[in-house]
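Student: Structure incoming, see below.
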Amino acid sequence: MSDQNNQNAEMKEAFIEHLPDRITNLEKSWEELCRKGWNRKQFQQLFTRIQELAGSCGKFGLIDLNESVFALETYLSSFVDSDISLDEQHKARGRDLIDAARVAMERSKSLNLGRPGKRNGKLAFYVRTSDDLAPGFSASLLEKGYQILTFISPDDLEGEIQKRLPDIIILESIFLPQLENLGRELKLQEERQHKRVPILCLSRTRDLKQRLQAMRIGVDAYILSPFVVKELVDKVQELSSPTEDHYRILIVEDDPTQAQFASSILSKGGMKTMAVTEPLKVPEAMDMFRPDLILMDLYMPDANGIELTTIIREHPDFFATPIVFLSGEQDPDKKLNALSFGGDDFLSKPIRPKHLISTITNRVQRAKALTPKAAGSKRDSVTGLYTSRIFFERLEKISIDNAASTPSGGVLLVEIGSIDKRKALEEGKRLDTLLVQLGHLIAENTESQDISTRLTTDSFAIIAIRPHLKHLQELALKIYSAIESTPFTIDNEQKKLEAAIGICPFDQTPGDASEVLSRADKASTFAWGKPDQRVAIYSTEIDEGEQHVVSSEITDIIRNAVEHNGFQVLFRPLGDRDGHPVEKYQISLRLSPGPGSQVDSSIWRQAALDEGLMGEIDRKLVENALSTLELKRNEGKQVELFLEQSPQSLQHMENIEWLKEQLRARHLVGTGLIFEYRIAELGANLKTAKRFIAQLHAAGISVCLSRFGANSAALRVLQYLEANYVCIAPQILTADADEAESILSLIKQHNTRIVLPRLKDSEQIPEPWRAGADLIPIDSES
Numbered sequence: 001m002s003d004q005n006n007q008n009a010e011m012k013e014a015f016i017e018h019l020p021d022r023i024t025n026l027e028k029s030w031e032e033l034c035r036k037g038w039n040r041k042q043f044q045q046l047f048t049r050i051q052e053l054a055g056s057c058g059k060f061g062l063i064d065l066n067e068s069v070f071a072l073e074t075y076l077s078s079f080v081d082s083d084i085s086l087d088e089q090h091k092a093r094g095r096d097l098i099d100a101a102r103v104a105m106e107r108s109k110s111l112n113l114g115r116p117g118k119r120n121g122k123l124a125f126y127v128r129t130s131d132d133l134a135p136g137f138s139a140s141l142l143e144k145g146y147q148i149l150t151f152i153s154p155d156d157l158e159g160e161i162q163k164r165l166p167d168i169i170i171l172e173s174i175f176l177p178q179l180e181n182l183g184r185e186l187k188l189q190e191e192r193q194h195k196r197v198p199i200l201c202l203s204r205t206r207d208l209k210q211r212l213q214a215m216r217i218g219v220d221a222y223i224l225s226p227f228v229v230k231e232l233v234d235k236v237q238e239l240s241s242p243t244e245d246h247y248r249i250l251i252v253e254d255d256p257t258q259a260q261f262a263s264s265i266l267s268k269g270g271m272k273t274m275a276v277t278e279p280l281k282v283p284e285a286m287d288m289f290r291p292d293l294i295l296m297d298l299y300m301p302d303a304n305g306i307e308l309t310t311i312i313r314e315h316p317d318f319f320a321t322p323i324v325f326l327s328g329e330q331d332p333d334k335k336l337n338a339l340s341f342g343g344d345d346f347l348s349k350p351i352r353p354k355h356l357i358s359t360i361t362n363r364v365q366r367a368k369a370l371t372p373k374a375a376g377s378k379r380d381s382v383t384g385l386y387t388s389r390i391f392f393e394r395l396e397k398i399s400i401d402n403a404a405s406t407p408s409g410g411v412l413l414v415e416i417g418s419i420d421k422r423k424a425l426e427e428g429k430r431l432d433t434l435l436v437q438l439g440h441l442i443a444e445n446t447e448s449q450d451i452s453t454r455l456t457t458d459s460f461a462i463i464a465i466r467p468h469l470k471h472l473q474e475l476a477l478k479i480y481s482a483i484e485s486t487p488f489t490i491d492n493e494q495k496k497l498e499a500a501i502g503i504c505p506f507d508q509t510p511g512d513a514s515e516v517l518s519r520a521d522k523a524s525t526f527a528w529g530k531p532d533q534r535v536a537i538y539s540t541e542i543d544e545g546e547q548h549v550v551s552s553e554i555t556d557i558i559r560n561a562v563e564h565n566g567f568q569v570l571f572r573p574l575g576d577r578d579g580h581p582v583e584k585y586q587i588s589l590r591l592s593p594g595p596g597s598q599v600d601s602s603i604w605r606q607a608a609l610d611e612g613l614m615g616e617i618d619r620k621l622v623e624n625a626l627s628t629l630e631l632k633r634n635e636g637k638q639v640e641l642f643l644e645q646s647p648q649s650l651q652h653m654e655n656i657e658w659l660k661e662q663l664r665a666r667h668l669v670g671t672g673l674i675f676e677y678r679i680a681e682l683g684a685n686l687k688t689a690k691r692f693i694a695q696l697h698a699a700g701i702s703v704c705l706s707r708f709g710a711n712s713a714a715l716r717v718l719q720y721l722e723a724n725y726v727c728i729a730p731q732i733l734t735a736d737a738d739e740a741e742s743i744l745s746l747i748k749q750h751n752t753r754i755v756l757p758r759l760k761d762s763e764q765i766p767e768p769w770r771a772g773a774d775l776i777p778i779d780s781e782s
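Under the numbering used here, the letters of the sequence shown match residues 1 to 782, in that order.
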């Protein structure tokens with residue numbers, strides 16, 4: 001996945017994790033309004049948070065929750081800029097809508113949707129009863145990219161494993177006796193195909209005999225209920241992925257020859273090593289290298305192994321890092337004494353290569369197994385800073401707390417401008433060396449309460465809790481000066497780097513983590529244009545009276561939204577008059593440059609068309625829709641999604657090939673996609689449109705012509721393009737009953753289904769149109 005996809009995935013996980021807090025805060029704010037009486041400012045803050053939540057739910061593909069929160073937004077929109085007195089009916093309606101959002105949230109939370117992305121090519125055979133032991137497990141595996149074949153008996157696997165072996169077999173413990181009979185065929189195919197298949201067993205019972213049976217059959221992991229879906233998915237990923245861990249081993253040895261010998265053995269064993277021959281430099285090396293294990297000589301000048309171990313164990317990050325002593329010491333009492341100071345094992349010199357690799361591998365694996373996953377994943381192994389997961393969780397928590405009281409501090413986005421990304425990716429070791437130094441520099445210049453992480457190959461982010469804005473500026477200038485003045489060493493050459501830092505104070509942001517980062521990014525972009533110190537704060541006006549920051553030109557807002565996935569996504573339901581069970585939604589995009597503000601869709605869309613950006617926006621919307629279809633399929637639901645596309649997406653036939661590849665990769669058949677084109681925009685090049693639409697039909701994608709005027713020219717275009725749907729233009733709804741029936745009849749002669757437009761008040765749609773249409777917008781608050 002790209003850096004941007006990784007960021008989006010991290011934000012999604014953090015967003016889902018903190019959904020209960022968000023809904024609870026909405027509930028508390030509404031109850032306070034009901035209890036204390038109407039307060040326009042307090043209501044506006046609540047309404048803004050609801051808007052942001054609705055848009056984020058859509059962006060992350062949570063349709064049910066998006067629909068519920070948008071219903072709440074629609075209901076409360078009539079109260080904006082008013083000084084109404086809430087009566088009991090208002091209060092009850094608000095509570096009902098928040099309760100509905102909570103129910104939808106619980107469903108989204110239980111699915112543990114995980115990260116979006118392409119299929120990872122891994123195949124799982126899942127033998128299960130109709131009574132699902134772990135609801136949401138299959139859905140989460142599908143979301144992680146696994147293809148799952150489900151069986152109701154292990155006997156059914158025999159023919160399948162003769163064709164191909166899966167990457168993992170998952171089964172419920174009730175099937176263990178039958179798996180024993182299948183074992184011979186499985187082993188035969190493993191030998192033929194040179195592949196070992198791990199087995200994961202899920203069990204309701206703690207029966208020891210069943211556990212022993214699983215061990216004897218060769219089950220690799222046996223997990224007891226109650227099941228935590230995330231832990232199950234992590235275990236599947238661990239078992240089904242070949243071990244590619246390049247363990248990081250710090251060798252502390254005052255004899256350079258011995259250090260080189262040990263490094264050579266471990267490198268051949270697939271491990272990364274760093275040798276330190278001066279004991280007093282070990283603490284610095286620990287911070288920079290972040291080892292998985294320390295291989296340390298017991299007797300050294302300046303500081304011996306026992307003294308260094310005592311110092312290492314005082315550091316909270318390295319309290320559990322395994323330490324293996326190396327020595328020619330033969331006295332058992334002295335060995336025991338060394339281990340009592342915090343060592344984990346003892347190897348005698350001379351070193352036997354096979355013994356060394358085996359001991360270190362076992363010790364690292366044991367340490368990783370005993371260390372809780374959450375603690376083990378707090379630090380990035382390269383930079384030593386926090387992982388982006390920890391960063392986004394903290395930022396999401398602050399964004400939620402912001403609803404109650406604004407925290408002091410903000411986010412700093414540090415961009416490095418002298419890294420050639422393509423070259424850096426090709427030269428991974430050189431990049432790692434640079435990132436280690438940058439991580440160390442940032443850690444040195446921040447405080448213990450700060451959360452720093454690496455976002456991409458050339459950017460870092462810092463959550464800094466400070467009492468005043470000037471303290472954020474001071475921190476940014478300190479880091480900026482340190483980067484600009486430090487000669488970074490790469491392959492024994494010194495290199496100077498350029499940097500720019502953007503600051504987004506928490507009191508300048510809505511309750512949305514992605515918006516915080518987006519604004520910090522805007523500030524850093526602005527900072528690159530400053531002549532001297534490239535540090536800028538995102539705000540309409542800096543407190544000390546400096547210049548305004550960040551242009552609010554519409555094209556800049558759109559470009560930023562495209563680059564940082566900043567569009568909000570809304571799903572609006574359609575009712576099917578024929579009673580088809582398939583749920584149908586229209587997807588729309590909303591552009592919100594700030595809390596409580598929105599850019600009219602007609603304005604930003606025209607600006608995007610003028611700048612040639614709509615094609616990219618179209619593709620992002622299609623990606624969102626495809627991910628949504630996968631999620632709903634994993635829930636066992638079939639949906640149809642209407643999404644507006646622009647004429648720019650018709651201009652490049654390679655878009656069709658990209659789309660077909662996406663459908664193949666996601667195993668989407670009978671896609672459920674309906675591409676919606678404004679009929680007037682297709683008129684310029686109908687031949688191109690016809691070729692493109694024919695390709696869409698071949699891929700199983702339907703087409704809708706929107707803003708359909710139903711005149712003779714429009715009917716000819718409909719016949720020529722063979723569209724599946726038309727969405728009626730609002731202005732022709734004023735036609736009288738006879739004319740309406742005539743228009744409806746002419747359209748249906750082309751076997752085309754009719755969609756009515758979405759009006760602010762659906763009651764404005766005359767009855768003849770309601771009676772003759774196929775799909776009718778459902779009011780969000782109904």
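Note that beta-carbon positions come from the ideal geometry of N, C-alpha and C, so glycine has one too.
Where does the unbroken beta strand (DSSP E) through V535 begin, and where does it stop?
Tutor: Element bounds for V535: 535 to 537.
Student: Could you have a look at I312 and say whether DSSP puts it in helix, strand or coil?
Tutor: In this structure, I312 counts as helix in the three-state DSSP scheme.
Student: Assess contact between the region 205 to 216 and the region 163 to 180, defined as three or more Cβ pairs (one per stretch) separated by less than 8 Å. Is contact present?
Tutor: Touching, per the Cβ criterion.
Student: Determine the DSSP secondary structure at A134, reduced to helix, strand or coil.
Tutor: Here A134 sits in coil by DSSP.
Student: Would Q764 be called buried (16 or more neighbouring beta carbons within 10 Å of its own) or exposed?
Tutor: By the 10 Å Cβ count, Q764 comes out exposed.
Student: For T277, which of helix, strand or coil comes out of DSSP?
Tutor: Of the three classes helix, strand and coil, the one that applies to T277 here is coil, per DSSP.
Student: Can you give, in chain order, each stretch of the alpha helix (DSSP H) that sits fully within the region 66 to 103 and has at least 4 residues?
Tutor: As far as the region 66 to 103 is concerned, it has no whole alpha helix (DSSP H) run of at least 4 residues.
Student: Should W658 be labelled buried (16 or more other beta-carbon atoms within 10 Å of its own) or exposed?
Tutor: By the 10 Å Cβ count, W658 comes out exposed.
Student: Roughly how many angstroms separate the alpha carbons of K495 and S485, rounded to a whole number?
Tutor: If I take the Cα positions, the gap works out to 10 Å.
Student: Measure the CB-CB distance between L72 and A134 and report whether it falls below 9 Å.
Tutor: In this structure, A134 does not lie closer than 9 Å to L72 by Cβ.
Student: Taking buried to mean at least 16 other C-beta atoms within 10 Å of its own C-beta, is S358 buried or exposed?
Tutor: Exposed: under 16 other Cβ atoms inside 10 Å.
Student: Is it right to say Y386 is buried, meaning 16 or more other beta carbons lie within 10 angstroms of its own, or is it exposed?
Tutor: Result: buried.
Student: Could you tell me the alpha carbon to alpha carbon distance between L613 and C704, rounded to whole angstroms?
Tutor: If I take the Cα positions, the gap works out to 22 Å.
Student: Can you give me the Cβ contacts of F318 inside the same chain, cut-off strictly under 7 Å, excluding the 5 residues immediately before and after it?
Tutor: Correct list, in chain order: M286, I312.
Student: List in chain order: all unbroken beta strand (DSSP E) runs of 3+ residues lying wholly within the region 138 to 203.
Tutor: With a minimum length of 3 residues, the continuous beta strand (DSSP E) runs that stay inside the region 138 to 203 are 147 to 151, 168 to 172, 199 to 203.
Student: What residue from P226, V252, A221 has the CA that sits closest to S240's CA?
Tutor: Among P226, V252, A221, the Cα nearest to that of S240 is on A221.
Student: Does Y247 come out as helix, strand or coil in the three-state DSSP assignment?
Tutor: DSSP places Y247 in coil when its eight states are reduced to three.
Student: Provide the residue(s) that pair with R753 in DSSP beta bridges, ordered along the chain.
Tutor: Note: R753 sits in a beta bridge opposite Y725.
Student: Can you name the residues that DSSP bridges to S706?
Tutor: Answer by DSSP bridge pairing, in chain order: R678.
Student: Taking the beta strand (DSSP E) that M296 belongs to, which residues open and close that run?
Tutor: Here the beta strand (DSSP E) through M296 covers 293 to 297.
Student: Can you give the beta carbon distance from L293 to V324, rounded, assuming they're within the 8 Å contact cut?
Tutor: L293 to V324, Cβ: 7 Å. Contact.
Student: Mind reading off the beta-carbon distance from L682 to P647? Whole number of angstroms is fine, and I expect it under 8 Å.
Tutor: With 8 Å as the limit, L682 and P647 qualify as a contact, their Cβ atoms being about 7 Å apart.
Student: What span of residues does the beta strand (DSSP E) with G575 cover, start to end?
Tutor: Run containing G575: 568 to 576, per the beta strand (DSSP E) assignment.
Student: Taking the beta strand (DSSP E) that T453 falls in, what are its first and last residues?
Tutor: It spans 451 to 456 - the beta strand (DSSP E) in which T453 sits, taken as one unbroken run.
Student: Let's see if you can read the secondary structure: which residues bound the alpha helix (DSSP H) around K470?
Tutor: Looking at the DSSP string, the run of the alpha helix (DSSP H) that includes K470 is 469 to 485.
Student: To the nearest angstrom, how far is it from the Cα of L212 to the Cα of D297?
Tutor: Cα to Cα, L212 sits roughly 42 Å from D297.
Student: Could you have a look at K368 and say whether DSSP puts it in helix, strand or coil?
Tutor: Correct three-state label for K368: helix.
Student: Identify, in the order they occur along the chain, each residue of the same chain with its Cβ nearer than 6 Å to the Cβ of I459, setting aside the five sequence neighbours on each side.
Tutor: Checking the displayed sequence, the identity of residue 459 turns out to be Ser instead of Ile. These residues qualify, in order along the chain: E415.
Student: Assuming E644 and E676 are in contact, meaning their beta carbons sit under 8 Å apart, how far apart are those beta carbons, in whole angstroms?
Tutor: Right, their Cβ atoms sit about 5 Å apart.
Student: Could you tell me whether the Cβ atoms of I462 and S448 are closer together than 9 Å?
Tutor: It is not a contact, given that the beta carbons lie outside the stated cut-off.
Student: Quick check: what's the CA-CA separation for A367 versus P322?
Tutor: Near 7 Å, if we compare the C-alpha coordinates of P322 and A367.
Student: Should V582 be labelled buried (16 or more other beta-carbon atoms within 10 Å of its own) or exposed?
Tutor: When all chains shown are included, V582 counts as exposed.
Student: What residue does the beta strand (DSSP E) around G410 start on, and which one ends it?
Tutor: G410 -> beta strand (DSSP E) spans 410 to 416.
Student: Considering only the beta carbon of each residue, do F261 and I351 sit closer than 9 Å?
Tutor: Yes, Cβ-Cβ distance for F261 and I351 is below 9 Å.
Student: Going by DSSP, name the residue or residues bridged to R379.
Tutor: Answer is Y386, bridged to R379.
Student: If we count the other Cβ atoms within 10 Å of its Cβ and call it buried at 16 or more, is G376 buried or exposed?
Tutor: For G376, the predicted model reports a pLDDT of 44, less than 50, meaning its position is unreliable and no value from the coordinates is stated.
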